[in-house]
Amino acid sequence: MGDTSVSNFHSEEKLDNEFKEIEKLKKALEESQDKLEESKIKTEFIANLSHEFKTPLNILMGAMQLIEMYALNGSIIDTDKKLEKYMDTMKQNALRLLKLINNIIDITKIYSSELSLEFHNYDVVSIVKNVVQSIAVYAKLKSVNIHFKTELNERIIACDADKIERIMLNLLSNALKFTDGGGSIVVSINSYDNKVHISVEDNGIGIHEDKLKIIFKRFRQVDKSFTRNREGSGIGLSIVKGLVEMHNGSIRVESQYKKGSRFTIELPETVLDETSQAGLYELYEDRVRERVRVELSDIEDIC
Ligand code: ADP
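Pasting the structure below:
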């Protein structure tokens, strides 16, 4: 009797150890699968990125060759404005490269916690309104209507104005990129529950339901079939999410394929104890114009 219980105890202990060993192996397997998946995503990302670098570079080199040819055969006098067209193309593609490089630098900084924000009290309503206004001229070029809606005159919150501008530019340039002519974009800003709610809504191509959950993840571009006419590296939204979270805020997306998308940001309505700083945000038109051009540089129908 005593012997049986000892042997039962030993076999139970053995079983327990085997079970623990299996659990350990299962965990190791899961971890290596995760690593494999991550490295697959990174490889795909690098391949996609290389394409993103190559396309504008090829266009730049093509334009340079044509200009060289005109210079060599003596037809450089630009009566039919060909040179001007080539120069515009070159500028647009140089800006695309700049956007890509800026995005890579920023995402690296955000995820290695090297980016620090400069918080002051700013009127977030005027920041958002200014960005909408500066993008309106480009929306018109694409025949997309853009509306700004709010019942707030102003709302002072502690934020980094430069980064709010960046977040808005990114969401708006996506809305413009994925909305065809005749469509519309509505930007609204409200305040409730001690939070500022900013939404960017379009009635463009929308996003498939199964793709919605990966949209803010690093290294992902939702649909590769779009890369032909709607270029992009898929870094923009992960930068937006990183910057929103650095404001202790959150971002979410609702979308219906072929119907449109709505991105909503919530920012806490906290203020810093520095009343003299309120409303210091100024619109430096040249800077914003240049930023808008950089941000929109991968939208074919505009630049
Ligand atoms: P990208 O530089 O590729 O535009 P983002 O991270 O900004 O990178 O966006 C990732 C992907 O999310 C886009 O390639 C696109 O497929 C999808 N997307 C983002 N915004 C919209 C939108 N407003 N409408 C439809 N698709 C969108």
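Each residue of the sequence shown is one higher than the one before, counting from 37 in our numbering. All residues carry an ideal CB built from backbone N, CA and C; glycine is no exception.
- Determine the direct distance from the alpha carbon of Asn-210 to that of Lys-260, and round the result to whole angstroms. The count along the sequence shown starts at 1 and reaches residue 260 at position 224. The count along the sequence shown starts at 1 and reaches residue 210 at position 174. In this prediction, Lys-260 has a pLDDT of 49, which is less than 50 and means its spatial position is unreliable; nothing more can be read from the coordinates.
- Determine the DSSP secondary structure at Asp-238, reduced to helix, strand or coil. The residue given as residue 238 occupies position 202 in the sequence shown. It is a strand residue.
- Item | Nonlocal neighbours in the same chain, by C-beta distance under 7 Å from Leu-153, ignoring five residues either side | As a first step, residue 153 is located in the sequence shown; it is residue number 117 there, counting from the start. The answer, listed in chain order, is Asp-196, Lys-199, Met-282.
- For Arg-202 versus Val-160, is the C-beta spacing smaller than 7 Å? What you label residue 202 is simply residue 166 of the sequence shown in a count that begins at 1. What you label residue 160 is simply residue 124 of the sequence shown in a count that begins at 1. If you check the CB distance, Arg-202 and Val-160 do not come in under 7 Å.
- Does Asn-139 come within less than 7 Å of chain C when only Cβ atoms are used? In the structure shown, chain C cannot be found, because there is only a single protein chain.
- Query: Going along the chain, which residues of its own chain have a beta-carbon closer than 6 Å to the beta-carbon of Ser-68, five neighbours each way excluded?
  - Reply: In the sequence shown, counting from the first residue as 1, residue 68 sits at position 32. Closer than 6 Å at Cβ, skipping near neighbours: no residue.
- Task: Could you tell me which of Glu-49, Glu-302, Ala-64 sits nearest to Val-280, measuring between CA atoms?
- Result: Here residue 280 corresponds to residue number 244 of the sequence shown, with the count starting at 1. That would be Glu-302, whose Cα lies nearest to the Cα of Val-280.
- Environment of Ser-47 [buried if 16+ CB atoms lie within 10 Å]: Here residue 47 refers to the residue found at position 11 when the sequence shown is read from its first residue. Ser-47 is exposed by the Cβ-count criterion.
- Message: Taking the beta strand (DSSP E) that Gly-296 belongs to, which residues open and close that run?
- Response: Along the sequence shown, one-based indexing puts residue 296 at 260. Segment 296 to 304, the beta strand (DSSP E) holding Gly-296.
- Message: Classify Gly-110: buried if its beta carbon has 16 or more other beta carbons within 10 angstroms, exposed otherwise.
- Response: In the sequence shown, the residue the question calls residue 110 occupies position 74. Exposed is the call here.
- Would you identify the three-state DSSP class for Glu-290, choosing helix, strand or coil? Stepping through the sequence shown from its first residue, residue 290 is reached at position 254. Of the three classes helix, strand and coil, the one that applies to Glu-290 here is strand, per DSSP.
- According to DSSP, is Asp-309 helix, strand or coil? As a working note, residue 309 is residue 273 in the sequence shown. Three-state result, Asp-309: coil.
- Does DSSP put Thr-215 in a helix, in a strand, or in coil? Mapped onto the sequence shown, residue 215 falls at position 179. Reduced to three states, the DSSP call for Thr-215 is coil.
- Have a look at Glu-290 and Glu-237 and give me their C-alpha separation to the nearest angstrom. Along the sequence shown, one-based indexing puts residue 290 at 254. Along the sequence shown, one-based indexing puts residue 237 at 201. Approximately 9 Å, taken between the alpha carbons.
- Between the segment 173 to 193 and the segment 222 to 234, are three or more C-beta pairs nearer than 8 Å? yes
- Message: What does the Cβ neighbour count give for Asn-265, buried or exposed, with the cut at 16 atoms within 10 Å?
- Response: The residue given as residue 265 occupies position 229 in the sequence shown. Reliability of the predicted coordinates at Asn-265 is poor, the pLDDT of 44 falling under 50, and no value is obtained from them.
- Task: Whole angstroms is fine: what's the gap from Val-258's alpha carbon to Asn-139's?
- Result: Counting from one through the sequence shown, the residue named residue 258 turns up at place 222. Counting from one through the sequence shown, the residue named residue 139 turns up at place 103. Residue placement at Val-258 is flagged as unreliable, the pLDDT there being 45, under the threshold of 50; the coordinate-derived value follows with that caveat. Between Val-258 and Asn-139, the C-alpha separation is close to 17 Å.
- Task: Determine, using beta-carbon pairs with one atom in the segment 161 to 170 and one in the segment 126 to 142, whether at least three such pairs fall under 8 Å.
- Result: The segment 161 to 170 vs the segment 126 to 142: no contact.
- Item | C-beta contact flag for Ile-271 and Ile-143 at 7 Å | Taking the sequence shown and counting its residues from 1, one reaches residue 271 at position 235. Taking the sequence shown and counting its residues from 1, one reaches residue 143 at position 107. Contact flag set, yes.
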